[in-house]
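All remarks here apply to the structure that follows.
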Amino acid sequence: MQNKSKNFDVIVIGGGVAGLSTALQLGRRGVKTLVVDRGALGSGSTGRAAGLLGQLRGSIAATSMLMDGVKIVQDLEAQCQCEIFVQTGSLRIAETTERAGEIRDLVAMGKSIQFPIETLDAKQVAELLPYMKTDDLLDACYCPTDGHLQPAELTSAYIKAGRQAGVEYKTNCRVDSILNEKGKITGVQTEQGISHSPIVVNAAGPWSYLTAGSGDVILPTASIGHYYLTTRPDPEQTVDRKSPAVRDRHHRIYSRPESGGLIVGMYEAEPVEYDMERLPDDFDMSLMKVARDDFNAALLIHAAQQRFPWINERTPMTLTTGIMTFTPDGKPFCGKMDNLEGLFHCTGFSGHGIVQSPVVGVIMADLILDGSTKYDIEAMEADRYYELPGFQTRSEIKSKCAAMYGSYYGRVERPEILSDSE
Ligand SMILES: Cc1cc2nc3c(=O)[nH]c(=O)nc-3n(C[C@H](O)[C@H](O)[C@H](O)COP(=O)(O)OP(=O)(O)OC[C@H]3O[C@@H](n4cnc5c(N)ncnc54)[C@H](O)[C@@H]3O)c2cc1C
C-alpha cells in the first residue's frame, strides 16, 4: 500500500456524473482538482442510468436549469467530437381525468415560459408511436426538444474535457474519512494515504451519507433500487432511434428507444432499500444482476405490458438494476452545511442525476469559488434538513426517502405542487 501525500485546491469524492461535472467546471476555472473514486469512474449509479431528459419540471427554476444543461452538453459534444444528446421529443400521456388535468396544467405552465409543448389526441399519438397502446388515452402532451443523454458518452466527455482542463483522477482508491481541524476541512484519508485540500466535495452518490458520516455530518439520503428492461430489436415492433420517450405516470413507467429496442423503467410503490455499509467492500454496481422471476422484474414487465402489449415474460430483453440516491423531497443536495468549513455536498439526485449534472457542475463551481450562483437553488440547498427534527436518524430518513420514491410517479400533481419527478 502506498502512502503518498499531495496538495489540491479541491478534492471531489466520487467519479460519477455529479463529481465529474463539478471537477470539469472547477478545472476550467483554473482550480487544482482531484477526483477520487473507490472503483472505476462512472461505475456507480451513473453506469446504470437510462438517461431520460425531460426539461419541463414543476418550477421555472428547475426547467431553466435543464434547458441550460442541454446547451452545456452541446458544447461538450463539440469539444469531444461525440454524440451525447439524442433529441427524440417526449410524450406524457393520460388515461384518467385526473391525469388529463395534470397534463393541461403542465401545458399551460410550459407555454407561460415559451417552452415548446403541445397537446396531442390519441390518434396523433398513435401516428407517432405505432408500437404503443393508445385506445385508452384521454389526453397527451408532446415536448419536441426533449430526448435522452447517453450516460456512457457523457461520462467519457466529462473525463476527456476534465483532463484537458488539468483535473486529476485517482481510481480504485476508497476515501475512508474526511479530515478536519477545528471545524475546517484539511483533506481526505484514503486507503492509499492522505490527500490535502481545504475543500472537499462529497459526490459519493448512494454512499454519500456514509462519506458525510465520516465527517460527522448527517445527510438525509437513502439508497434505493431501480429497475428497467431493454427489449431486443424486433422486426414486428420497429422502434425508431428517434421515437419519442414516454411518461405514463398512471402505470408508473417511462420508455425510450435504445439500439432498435425499447427501454421501459418503473418507479414502483414499494421500493427495495439498500444499506450501503452492509454491502461487501468490493461491491460493484455494474455487476448487479436481476433475474426474470425477481418480484420487481415481474412487476415491471406487467406494468410495461399495460402500455406496450407485445411485451411479456417471454420477450427477448435484458433487465438492468442499480441503486439511486433519494432525498425526502426528491430534490438534490448541492452546497454546504453549517458545521464544517470547506465541506460541500453534491448528491441526492433522486433518479435525475444524469440530466441535472451538466448544470450542477456549474452551480457547484460557482458555490465553491464565488459563494453564490446565478441559478435559483433554494430548493436544492444542502442544509435544508440541517438539525431538523424527524430527519436525524437513519430509520426516519430511509422511510421518508422511500415514501418519496414510491410516490414519484404514483401521485397526481397540481401545478403549485408539481415536483421535479419526470
Ligand atoms: C437503474 C437506474 C436508472 C436511472 N435512470 C436515470 C435517467 O433516466 N435519467 C437520469 O437523469 N438519471 C437516472 N438515474 C439516476 C442517475 O444514474 C444518478 O442520479 C446519477 O448517476 C448520480 O450520479 P452521482 O455522481 O451522484 O452518483 P454515482 O454515479 O453513484 O457516483 C458516486 C461515485 O462515488 C464513488 N464512491 C462512493 N463512496 C466512495 C468513497 N468512500 N471513496 C471514493 N469514492 C467513493 C462510487 O464508486 C461512485 O462512482 C438512474 C439510476 C439508476 C440506478
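The sequence shown begins at 864 in this note's numbering and counts up one residue at a time.
Using N, Cα and C, we set each Cβ at its ideal position, and we do this for glycine too.
Remember, it's a predicted structure, so these values are computed and weren't measured experimentally.
On the premise that residue j lies in contact with residue i, defined as a C-beta separation below 8 Å, what is that separation, rounded to the nearest angstrom?
{"i": "Leu1226", "j": "Thr1210", "result": "Before going further, note that residue 1226 is Ile rather than Leu in the sequence given. About 13 Å; that fails the 8 Å criterion."}
{"i": "Leu1163", "j": "Met1187", "result": "About 15 Å; that fails the 8 Å criterion."}
{"i": "Tyr1005", "j": "Pro1143", "result": "Contact flag wrong, Cβ pair sits at about 45 Å."}
{"i": "His1293", "j": "Gly952", "result": "Absent from the structure is residue 1293, since the part of the chain shown begins at 864 and ends at 1285."}
{"i": "Met1151", "j": "Ser1086", "result": "Actually they are not in contact, since the Cβ atoms of Met1151 and Ser1086 sit about 12 Å apart, beyond 8 Å."}
Taking 6 Å as the limit between beta carbons, can you name the residues of its chain near residue i, skipping five residues before and five after?
{"i": "Ala1075", "result": "Asn1065 and Leu1082"}
{"i": "Leu883", "result": "Tyr1021"}
{"i": "Gly905", "result": "Thr1018"}
{"i": "Arg1274", "result": "none"}
{"i": "Tyr1272", "result": "Arg1112, Arg1115 and Tyr1130"}
{"i": "Ala924", "result": "Asp1239"}
{"i": "Trp1173", "result": "Gln1100"}
{"i": "Gln1169", "result": "His1114"}
Between residue i and residue j, what straight-line distance do the alpha-carbon atoms span, to the nearest angstrom?
{"i": "Ala1167", "j": "Leu1092", "result": "9 Å"}
{"i": "Asp1002", "j": "Ala957", "result": "5 Å"}
{"i": "Gly910", "j": "Tyr1021", "result": "14 Å"}
{"i": "Gly877", "j": "Val898", "result": "7 Å"}
{"i": "Asn870", "j": "Glu1044", "result": "16 Å"}
{"i": "His1215", "j": "Phe1207", "result": "20 Å"}
{"i": "Thr896", "j": "Leu1230", "result": "15 Å"}
{"i": "Leu983", "j": "Asp1111", "result": "15 Å"}
{"i": "Lys1261", "j": "Glu1250", "result": "16 Å"}
{"i": "Lys1199", "j": "Gln937", "result": "29 Å"}
{"i": "Leu1042", "j": "Ala989", "result": "58 Å"}
{"i": "Thr814", "j": "Leu1182", "result": "The requested residue 814 does not occur in the structure, where the chain is confined to residues 864 to 1285."}
{"i": "Thr959", "j": "Gln987", "result": "18 Å"}
{"i": "Glu1176", "j": "Tyr994", "result": "18 Å"}
{"i": "Ser1258", "j": "Asp1201", "result": "23 Å"}
{"i": "Glu1204", "j": "Ser908", "result": "28 Å"}
{"i": "Ala881", "j": "Gly893", "result": "19 Å"}
{"i": "Val1153", "j": "Val1218", "result": "25 Å"}
{"i": "Phe1189", "j": "Asp1157", "result": "22 Å"}
{"i": "Asp968", "j": "Gln977", "result": "14 Å"}
{"i": "Phe948", "j": "Gln1013", "result": "7 Å"}
{"i": "Thr1053", "j": "Arg955", "result": "45 Å"}
{"i": "Pro1252", "j": "Val1080", "result": "15 Å"}
{"i": "Val873", "j": "Ala1067", "result": "15 Å"}
{"i": "Leu1125", "j": "Leu1000", "result": "20 Å"}
{"i": "Ala1161", "j": "Tyr1090", "result": "11 Å"}
{"i": "Ala963", "j": "Ser1149", "result": "38 Å"}
Could you pull out every residue in the same chain whose Cβ sits closer than 7 Å to the Cβ of residue i, ignoring the five residues on either side in sequence?
{"i": "Asp1147", "result": "Gly902 and Ser906"}
{"i": "Gly1269", "result": "Ala1132, Glu1133 and Pro1134"}
{"i": "Gln950", "result": "Thr1008 and Gly1010"}
Residues in the same chain with beta-carbon distance under 8 Å from residue i, minus the five sequence neighbours each way, listed in chain order, please.
{"i": "Leu1232", "result": "Leu889, Arg892 and Val894"}
Does the region 1119 to 1139 touch the region 1097 to 1104, meaning 3 or more C-beta pairs lie closer than 8 Å?
The region 1097 to 1104 makes contact with the region 1119 to 1139: 3 or more CB pairs, one atom from each, lie closer than 8 Å.
Hey, is the region 921 to 934 in contact with the region 1214 to 1234, meaning 3+ C-beta pairs nearer than 8 Å?
The region 921 to 934 vs the region 1214 to 1234: in contact.
Hey, which unbroken runs of the beta strand (DSSP E) at 3 residues or more fall wholly within the region 971 to 1057?
With a minimum length of 3 residues, the continuous beta strand (DSSP E) runs that stay inside the region 971 to 1057 are 981 to 983, 1002 to 1006, 1010 to 1012, 1031 to 1033, 1038 to 1044 and 1047 to 1053.
List, from N- to C-terminal side, the beta strand (DSSP E) runs of 3 residues or more that fit wholly inside the region 889 to 964.
Every beta strand (DSSP E) stretch that sits fully inside the region 889 to 964 and reaches 3 residues is listed by chain position as 896 to 899, 948 to 950 and 953 to 957.
For the pair the region 1021 to 1031 and the region 938 to 950, tell me if three or more CB-CB distances fall below 8 Å.
Enough Cβ pairs lie closer than 8 Å, so yes.
Could you pull out every unbroken beta strand (DSSP E) segment of at least 3 residues lying fully inside the region 1142 to 1219, listed in chain order?
Whole beta strand (DSSP E) segments, 3+ residues: 1180 to 1189, 1196 to 1199 and 1206 to 1210.
Do three or more CB pairs link the region 913 to 929 to the region 1006 to 1013 at distances below 8 Å?
Contact between the region 913 to 929 and the region 1006 to 1013 is present: three or more C-beta pairs spanning the two stretches fall below 8 Å.
Would you mind listing the beta strand (DSSP E) stretches within the region 1062 to 1090 that are 3+ residues and don't spill past its ends, in chain order?
Counting only runs of 3+ residues, the beta strand (DSSP E) found wholly inside the region 1062 to 1090 occupies 1062 to 1065, in chain order.
Which whole runs of the beta strand (DSSP E) in the region 1098 to 1124 are 3 residues long or more, in chain order?
Listed in chain order, they are 1108 to 1111 and 1116 to 1121.
For the structure I just gave you, are there three or more beta carbon pairs, one from the region 1046 to 1061 and one from the region 1029 to 1037, closer than 8 Å?
In the pairwise beta carbon analysis, the region 1046 to 1061 is classified as touching the region 1029 to 1037: at least three pairs are separated by under 8 Å.
Validate contact between the region 1238 to 1253 and the region 1193 to 1206 using beta carbons, cut 8 Å, 3 pairs:
Yes, they touch.
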